[in-house]
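Reviewing the structure listed below.
In the UniProt record's numbering, the protein residues as written are 1 to 330.
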């Protein structure tokens, strides 16, 4: 399949390629883009260096039927491998745009499902891991921690049509302890990532609130939350909540890290009003509840900043806590 406008190239590209393996046909289009044909029927169109895809390019694969070609990936390549910023088009109709490592979702990116659901957040080798927000087509929203593609950790689940939210700890998609409260004015609009363009479903009277309703959030579930977090940390290495490629200064925080720390404050202090103050002696527990190792470089910087902010008083208001961590934002 020679693409329109292409002209033959006398050279033959050989060597490993992330898109099409060993090339057996090469063309150059009118814009100077290389078109590399693979023996499996796939096609690479884009920039090359040293006989390998390098820079920006597209990977086309044969359709299952009909004889046409389907775009599988477009974005950055490195040494013949899909690496960098890119978009993956799945046969199911799903589309992913964001960080790509070795051809897989890894880092921070946005996945749009064929159902209309949208997830935007952290990924680890193709699975949701870290902080992310999932907007569902029925208008509900999950904003919080994920692990191995499951709701795992502190999070808030919103029912905008009901004006209610559940905030608490999740383990393998199950809420284990938390509270149901009213959504504050403007809270939905302040979520980190935009909602999907597909209109939300109409108000439904069949949406049931969860059976868990703890009257006093935060303080009443703190010990349970800390125990769950400690057990999760002990099971294995913490999820790479910062993308693998992110080599920024240790004192810099990503938006999803700040969101996780805010959830941890509410969980331990019991709220965000002036009377809900956080003792600086609990800063290690804040890191653990947020899902971070308290001795990591980032969290050491966070704890030092918060201690300095307390000015020896031994406690922090939510406003002071937020001001301190926002100062560390990237």
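Just so you know, even glycine gets a beta-carbon here, dropped at the ideal spot from N, CA and C. Small disclaimer: the values here were computed from a predicted structure and weren't measured.
Check whether residue 114 and residue 92 have beta carbons under 9 Å apart: yes
For residue 61, which residues of its own chain have a beta-carbon under 6 Å away from its beta-carbon, when the five flanking residues on both sides are left out? 42, 70, 72
Going by beta-carbon coordinates alone, are residue 128 and residue 103 separated by less than 9 Å? no
Counting Cβ pairs, one atom from each stretch, are 3 or more of them under 8 Å apart for the stretch 311-321 and the stretch 266-285? yes
Beta strand (DSSP E) segments (min. 3 residues) lying fully within the stretch 43-113: 43-49, 52-62, 69-78, 81-89, 95-101, 104-112
Could you pull the start and end residues of the alpha helix (DSSP H) that residue 255 belongs to? 255-269
On the three-state DSSP scale, how would you describe residue 143? When DSSP states are grouped into helix, strand and coil, residue 143 belongs to the strand group.
Count the other CB atoms, across all protein chains shown, that sit within 10 Å of the CB of residue 297; report buried if there are 16 or more and exposed otherwise. Looking at its Cβ environment, which holds fewer than 16 other Cβ atoms inside 10 Å, residue 297 is exposed.
Which same chain residues end up closer than 6 Å to residue 112 when comparing Cβ atoms and leaving out the 5 residues on each side of it in sequence? 95, 118
Is residue 152 near residue 165, with beta carbons less than 9 Å apart? no
Cβ neighbour criterion (16 or more within 10 Å) applied to residue 313: exposed
By DSSP, does residue 122 sit in helix, in strand, or in coil? In the structure shown, residue 122 falls within a strand segment according to DSSP collapsed to helix, strand and coil.
Tell me the rounded alpha-carbon separation between residue 187 and residue 68. A direct Cα-Cα distance of roughly 47 Å separates residue 187 from residue 68.
Answer yes or no: do residue 126 and residue 108 have a C-beta to C-beta separation smaller than 9 Å? no
Suppose you measure from the CA of residue 306 to the CA of residue 252; what does that come to, to the nearest Å? Here the alpha carbons of residue 252 and residue 306 stand approximately 14 Å from one another.
If we call anything under 9 Å between Cβ atoms a contact, is residue 324 one with residue 300? no
Could you give the residue range of the beta strand (DSSP E) that holds residue 304? Where residue 304 is concerned, there is no enclosing beta strand (DSSP E), although the alpha helix (DSSP H) it sits in stretches over 297-310.
For residue 303 versus residue 289, is the C-beta distance shorter than 9 Å? no
Please list, in chain order, all residues of the same chain as residue 148 whose beta carbon is under 7 Å from its beta carbon, the five residues on each side excluded. Here the set comprises 127, 129.
Element boundaries [alpha helix (DSSP H), containing residue 287]: 283-290
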